[in-house]
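In full-length UniProt numbering, the protein residues as written are 1 to 259.
Every residue gets a Cβ at the ideal spot worked out from N, C-alpha and C, and that includes glycine.
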């Protein structure tokens, strides 16, 4: 089915601002619809940490403080609640040594600010357990939100698939494709990479909720399609590029076999 909204290649600045303005209310609606447990932060709180508090702390070559293991776990929590839930991802990420996490990210960002090579920085961060190109791009984006886009499903579908929900392999090659498409929009519209993420999220979530047009109401999120999660195309132990894919978990494999 063809997308019923502007493609990333032709969206105007006015349209972009319109969809961006809908992001906060969409997150509020999702957060209210799925309240957090008493011991957890709500999606709205996690979203504020991801786009405001973390950026304020870590953006630029001279961050206010080093990114810690707890920061990474909070960002992974946001990723799981904001997109598809991966039942064992947090356990894998939590199994990293705290000092190692801090040092790996510090060295990766030192390398990034020296040469602005996103691929090299992603590869360095992805050495941590449970961290693949998608989560690595999230951590990198926190440090350079203006230029580095997070490898989310919604961003990839909008920027690289013209709104079609094609299977995603979550590898380094796909991230390069996503990053290239994002840079084109950044230059053409003079916007931030994180704003592109938000617009893509609004567009893809509204499309999923079967709205007849982007100007009608209905910003509530759709339910995840189980078949999409368990698709064999998404299952892999280790990618040829050397990354352990953080988008695939043993739980998915077990469910797929049972079915």
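Contact between residue 122 and residue 172 holds: their C-beta atoms lie close to 7 angstroms from each other, under 8 angstroms. Boundaries of the alpha helix (DSSP H) around residue 43: 43–48. Sequence-distant Cβ neighbours of residue 71 in its own chain, meaning closer than 7 angstroms and more than five residues away, are 54. Cβ atoms of residue 16 and residue 163 stay farther apart than 8 angstroms, at about 15 angstroms.
In this chain, the alpha helix (DSSP H) harbouring residue 27 covers 23–33.
DSSP places residue 160 within a helical segment (H, G or I) once states are collapsed to three. Collapsing the DSSP output to three states places residue 204 in a helix. Residue state for residue 190 is assigned as coil, using DSSP reduced to three classes. Contact between the segment 74–82 and the segment 101–120 is absent: fewer than 3 CB-CB pairs across the two stretches fall below 8 angstroms.
Remark: C-beta atoms of residue 200 and residue 134 do not approach each other more closely than 8 angstroms. For a cut-off of 8 angstroms, the C-beta gap from residue 102 to residue 66 is around 5 angstroms, short enough to register as a contact. A direct Cα-to-Cα measurement between residue 58 and residue 143 gives close to 5 angstroms. Nearest Cα to residue 125 within the set 116, 119, 136: 136. Per DSSP, reduced to three states, the secondary structure at residue 133 is helical. Rounded to whole angstroms, the Cβ separation of residue 202 and residue 22 is 5 angstroms, and the two are in contact under 8 angstroms. For residue 98 and residue 76, the gap between their C-alpha atoms comes out near 15 angstroms.
Taking all protein chains in view, the Cβ of residue 10 is surrounded by fewer than 16 other Cβ atoms within 10 Å, so the residue is classified as exposed. Sorting 112, 183, 93 by C-alpha distance to the C-alpha of residue 132 places 93 at the top. The C-alpha of residue 51 is placed about 11 angstroms away from the C-alpha of residue 193.
Annotation for residue 92: the continuous alpha helix (DSSP H) segment containing it runs 89–94.
Counting along the chain, residue 122 sits inside the alpha helix (DSSP H) bounded by residues 118–125. The Cβ-Cβ distance between residue 178 and residue 8 does not fall below 8 angstroms. Straight-line spacing of the CA atoms in residue 90 and residue 48 works out to 20 angstroms. In the three-state DSSP reduction, residue 100 falls in the helix class (H, G or I). The C-beta of residue 145 has 16 or more other C-beta atoms within 10 Å across all chains shown, which makes the residue buried. Residue environment: residue 198 is assigned as buried (16 or more neighbouring CB atoms within 10 Å of its CB, all protein chains considered).
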